[in-house]
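K.L.:
The structure under discussion is supplied below as structure tokens; questions concerning it will follow.
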Amino acid sequence: MNKVIEQIGRVFEKVSRRRMWTVLYLFSLMSLVDIILSRNFALPFWYAWIFFMSFASLKSTVLLGLVILINRCRKLHWLAWIIVIGYCLLSAINGACYAIYGFGISKRLMSVLIQTSASEIKGFLPGLIHNIVTALSSIRFWAIVFIGLIAFHYLPKLKSKIFAIIALSLTILGIICGSIFAVRQSEGRSALFLSTRILRYGYIVHRSMQFMAEGEMHYRELPDADKVRSSHLVTNVIVVIGESASRDHLRLYGYKLPTTPALSAMRDSLFVFTNAIGSSTSTSGNMDCLLTFKSDRDVSKEWYEFPAVIDLFNAAGYKTYWFSNQEKYSLFNNSSTIMSRRATLEKYLIGGSEDFNNNADDAMLLPLLSKSLNDNSTNRMIFVHLIGSHTPYHTRYPEDHAVFSASDIKRLLPRRWLTDASAKMIAEYDNSIVYTDYILKKMIDIVRYTPASTILIYLSDHGENVFDDRDYVGRDNLFVEVPFVIYANQRAYQKTPELMEKFNLNLDKPFTTANLIYALMTMTGTKYSMYDSTKDILSDTYIPRKRFVDGEISVIDNDNK
Numbered sequence: 000m001n002k003v004i005e006q007i008g009r010v011f012e013k014v015s016r017r018r019m020w021t022v023l024y025l026f027s028l029m030s031l032v033d034i035i036l037s038r039n040f041a042l043p044f045w046y047a048w049i050f051f052m053s054f055a056s057l058k059s060t061v062l063l064g065l066v067i068l069i070n071r072c073r074k075l076h077w078l079a080w081i082i083v084i085g086y087c088l089l090s091a092i093n094g095a096c097y098a099i100y101g102f103g104i105s106k107r108l109m110s111v112l113i114q115t116s117a118s119e120i121k122g123f124l125p126g127l128i129h130n131i132v133t134a135l136s137s138i139r140f141w142a143i144v145f146i147g148l149i150a151f152h153y154l155p156k157l158k159s160k161i162f163a164i165i166a167l168s169l170t171i172l173g174i175i176c177g178s179i180f181a182v183r184q185s186e187g188r189s190a191l192f193l194s195t196r197i198l199r200y201g202y203i204v205h206r207s208m209q210f211m212a213e214g215e216m217h218y219r220e221l222p223d224a225d226k227v228r229s230s231h232l233v234t235n236v237i238v239v240i241g242e243s244a245s246r247d248h249l250r251l252y253g254y255k256l257p258t259t260p261a262l263s264a265m266r267d268s269l270f271v272f273t274n275a276i277g278s279s280t281s282t283s284g285n286m287d288c289l290l291t292f293k294s295d296r297d298v299s300k301e302w303y304e305f306p307a308v309i310d311l312f313n314a315a316g317y318k319t320y321w322f323s324n325q326e327k328y329s330l331f332n333n334s335s336t337i338m339s340r341r342a343t344l345e346k347y348l349i350g351g352s353e354d355f356n357n358n359a360d361d362a363m364l365l366p367l368l369s370k371s372l373n374d375n376s377t378n379r380m381i382f383v384h385l386i387g388s389h390t391p392y393h394t395r396y397p398e399d400h401a402v403f404s405a406s407d408i409k410r411l412l413p414r415r416w417l418t419d420a421s422a423k424m425i426a427e428y429d430n431s432i433v434y435t436d437y438i439l440k441k442m443i444d445i446v447r448y449t450p451a452s453t454i455l456i457y458l459s460d461h462g463e464n465v466f467d468d469r470d471y472v473g474r475d476n477l478f479v480e481v482p483f484v485i486y487a488n489q490r491a492y493q494k495t496p497e498l499m500e501k502f503n504l505n506l507d508k509p510f511t512t513a514n515l516i517y518a519l520m521t522m523t524g525t526k527y528s529m530y531d532s533t534k535d536i537l538s539d540t541y542i543p544r545k546r547f548v549d550g551e552i553s554v555i556d557n558d559n560k
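So this is what it looks like as structure tokens:
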């Protein structure tokens, strides 16, 4: 054994430090490629490439120093080689996964690895081999290999001083760029290092699976499901749940900037409810109520102690769908994931919004909606969960949908606390609202030409304070007023004129989205013992009450706003 270790040490000593640094540098570039090409990279393009080249140098320099330090103990030569080989292998996997599938080592990849069985791996291999062969035969791949070989051959041959100046300069620049990234980047800092990525994402997925197992164990089936009755008053109901869209930033509700050109143009065809609020400042808190019979004031009980919306409509004879561009796995709450698994058809576009590799576009939900409305089902209850205006705002819309700039904001919203940076953030937030307006227009177009009676409901989970009343951005219990808009196609008007009248009569009444389930029962003609007409905004016996946000009476209601 000692002879083997000594032989490894001799091999390591024969590899020059310059050659080793070059190898580590090239693989470090592969470990960062998915980050700089991500829409979540919140810094300019030119900076992205400086960051890419310099931070890779920092990583390779630190790693080489660690290897040299370990190598001083001859009995640990094997550890040095394990570190080098392991790092290069992980970097190669990161780069290859990104090139083939569009994401590197991420929560999405970790969830696939942790949950995939041996039989699934066997079935997955032919497709993987095909994709690898396709990638290997591409001109781009061989161009990258050629550039890498040139760097590997010529860099170590530079004079020692020149090589040292290049490596040192890039490393110092890497420290500066990394520091700027850490300060400016709102999320994904742990993704800079493969080790922290694997540990963090692995833990999140593992903890999420534990949470889901616990939730499934406590999950309460719908009591007396056989007693649910429905006249299927409306054939299709589509519930579009937005993300972080504050009502105050929609032109449809009086905002100064034209953030809803499509919805505003068709306002006469919409039912625009003016006094809806969410039951929490968080997505998870709202989903716990939106998707169950849990009320906004039931703070002492868990969500799984209440029957779920999806189970109700499964029992009512509706085919249920859950299409989401939100996280399937979250470190903090997976209640919606557990409930969505009860849907007849479930589809998530991404692994998690906290994941740096989250690049899915809400437009990818449109084909899913269109296909579901054209399947052979008779009645459908479809939930569509947008990524909407989730931070970072600038990643939620394509560049060609960037309508507003910081200068527009400073000119049209003269707030004394605004800086160039905060004005830019408002512009990005408003652009995300504009893009949601575009998505909703596309969905309404699909609904308009659907032959069966169809209603589309759009609401947001909660609002967001984006420098609206002070120098502050984020969740705020003053900003829980959300848009609540309904569109009904011509067939729905013809089939249910009384329902349309109920919409019109209740547009200005105050209500909480936590009670959505009761309105859905009225829209579909569904009867169940837990129905409470006093909580149904569409009922003649509806009783407006003080509304609760995160378990406390809403500041909005306290102020009699």
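For the sequence shown, numbering that gives the first Met the number 0 gives the first residue as 0, with consecutive numbering after it.
Note that beta-carbon positions come from the ideal geometry of N, C-alpha and C, so glycine has one too.
This structure is a prediction, so every number in the text was calculated from the model and none was measured.
Going by C-alpha to C-alpha distance, which of 371, 46, 301 sits closest to residue 449?
P.N.:
With distances taken between Cα atoms, residue 449 lies closest to 371.
K.L.:
Using a 10 Å radius around the Cβ and a threshold of 16 neighbouring Cβ atoms, would you call residue 48 buried or exposed?
P.N.:
Counting Cβ neighbours within 10 Å, residue 48 comes out exposed, since fewer than 16 surround it.
K.L.:
Between the Cα of residue 568 and those of 426, 286, 80, 86, spot the shortest distance and give me the residue it belongs to.
P.N.:
Since the first residue shown for the chain is 0 and the last is 560, residue 568 is missing from the structure and cannot be characterised.
K.L.:
Out of 90, 418, 502, 222, state which residue places its alpha-carbon closest to the alpha-carbon of residue 472.
P.N.:
The shortest C-alpha separation from residue 472 is found at 418.
K.L.:
Is it the case that the Cβ atoms of residue 379 and residue 440 are separated by a distance below 8 angstroms?
P.N.:
Cβ distance not < 8 angstroms, so residue 379 and residue 440 don't count as in contact.
K.L.:
Just to confirm my understanding: we take residue 334, look at its own chain, exclude 5 residues before and 5 after, and list those with CB closer than 8 angstroms. What are they?
P.N.:
Counting only Cβ-Cβ distances below 8 angstroms, and skipping sequence neighbours, we find 214, 283, 286, 287, 290, 302, 303.
K.L.:
Excluding five sequence neighbours on each side, which residues of the same chain lie with their C-beta closer than 7 angstroms to the C-beta of residue 268?
P.N.:
486, listed in sequence order.
K.L.:
Return the chain-ordered list of same chain residues with a C-beta closer than 6 angstroms to the C-beta of residue 305, the five sequence neighbours on each side being excluded.
P.N.:
Result list for residue 305: 291, 292, 293, in chain order.
K.L.:
Taking 8 angstroms as the cut-off, decide whether the C-beta atoms of residue 223 and residue 538 are in contact.
P.N.:
Cβ atoms of residue 223 and residue 538: not closer than 8 angstroms.
K.L.:
What's the call for residue 495, buried or exposed, on a 16-neighbour Cβ count within 10 Å?
P.N.:
Under this definition residue 495 is a buried residue.
K.L.:
Among 276, 316, 180, 266, which has the Cα closest to the Cα of residue 226?
P.N.:
The option with the nearest alpha carbon to residue 226 is 316.
K.L.:
For residue 568, is the classification buried or exposed, using 16 other Cβ atoms within 10 angstroms of its Cβ as the cut-off for buried?
P.N.:
Not covered by the structure: residue 568. The range shown for the chain is 0 to 560.
K.L.:
Less than 8 angstroms between the beta carbons of residue 150 and residue 20, yes or no?
P.N.:
Taking 8 angstroms as the Cβ cut-off, residue 150 and residue 20 do not qualify as a contacting pair.
K.L.:
Scan the stretch 191-254 and note each continuous alpha helix (DSSP H) run of 4 residues or more that stays entirely inside, going in chain order.
P.N.:
Within the stretch 191-254, the complete alpha helix (DSSP H) runs of at least 4 residues are 193-217.
K.L.:
Out of 141, 37, 221, which has the shortest C-alpha to C-alpha gap to residue 190?
P.N.:
Selected option, being the one with the closest Cα: 37.
K.L.:
For residue 27, count the other beta carbons within 10 Å of its own beta carbon; 16 or more makes it buried, fewer makes it exposed. Which is it?
P.N.:
Answer is buried; the Cβ neighbour count reaches 16.
K.L.:
Judging by CA-CA distance, which residue of 231, 367, 391 is the nearest neighbour of residue 442?
P.N.:
Here the closest residue by C-alpha is 367.
K.L.:
Apart from the five residues just before and just after residue 341, which ones in its own chain have a Cβ nearer than 8 angstroms to its Cβ?
P.N.:
307, 309, 310, 313, 319.
K.L.:
Leaving out five residues on either side along the sequence, give the residues of the same chain with a beta carbon under 8 angstroms from the beta carbon of residue 552.
P.N.:
The residues are 545, 546.
K.L.:
What does DSSP give as the partner residue(s) for residue 323 in the beta ladder?
P.N.:
Paired residue(s): 347, 384.
K.L.:
Counting only the same chain and skipping the five closest in sequence on each side, list residues whose C-beta sits under 7 angstroms from that of residue 633.
P.N.:
Lying before the first or after the last residue shown, residue 633 is absent from the chain, which here runs from 0 to 560.
K.L.:
Taking the straight line between their C-alpha atoms, what separation do you get for residue 61 and residue 168?
P.N.:
Distance between the alpha carbons of residue 61 and residue 168 is about 14 angstroms.
K.L.:
Going by the CB atoms, is the gap between residue 56 and residue 241 shorter than 8 angstroms?
P.N.:
Their beta carbons are not under 8 angstroms apart, which means residue 241 does not touch residue 56 by this criterion.
K.L.:
How big is the Cα-Cα spacing for residue 373 and residue 446?
P.N.:
Going from the Cα of residue 373 to the Cα of residue 446 covers about 11 angstroms.
K.L.:
Pick helix, strand or coil for residue 547, following the three-state DSSP scheme.
P.N.:
Strand.
K.L.:
When the Cα atoms are used, what is the spatial distance from residue 296 to residue 548?
P.N.:
If I take the Cα positions, the gap works out to 8 angstroms.
K.L.:
Can you give, in chain order, each stretch of the beta strand (DSSP E) that sits fully within the stretch 405-471 and has at least 3 residues?
P.N.:
The stretch 405-471 contains these whole beta strand (DSSP E) runs: 453-459.
K.L.:
Would you give the residue range spanned by the beta strand (DSSP E) that residue 487 belongs to?
P.N.:
Looking at the DSSP string, the run of the beta strand (DSSP E) that includes residue 487 is 483-487.
K.L.:
Quick one: what's got a C-beta closer than 7 angstroms to residue 409's C-beta in the same chain, skipping five residues either side?
P.N.:
So the qualifying residues of the chain are 417, 422.
K.L.:
Applying the 10 Å Cβ sphere with the 16-neighbour rule, what's the burial state of residue 483?
P.N.:
The residue in question, residue 483, is buried, as its Cβ has 16 or more Cβ neighbours within 10 Å.
K.L.:
What residue from 51, 23, 501, 452 has the CA that sits closest to residue 180's CA?
P.N.:
When only C-alpha atoms are compared, the closest one is 51.
K.L.:
How should residue 352 be labelled, buried or exposed, when 16 other C-beta atoms within 10 angstroms of its C-beta is the threshold for buried?
P.N.:
Confidence is the limiting factor: at residue 352 the pLDDT is only 44, short of 50, which leaves the residue's position unreliable and the question unanswerable from this model.
K.L.:
So for residue 290, helix, strand or coil by DSSP?
P.N.:
Three-state DSSP puts residue 290 in coil, outside helix and strand.
K.L.:
Using CA coordinates, which residue listed in 399, 512, 252, 272 is at the minimum distance from residue 501?
P.N.:
Among 399, 512, 252, 272, the Cα nearest to that of residue 501 belongs to 272.
K.L.:
Tell me the DSSP bridge mates of residue 301?
P.N.:
For residue 301, which the question treats as bridged, DSSP gives no partner whatsoever.
K.L.:
Considering only their Cβ atoms, is the gap separating residue 462 from residue 431 smaller than 8 angstroms?
P.N.:
No.
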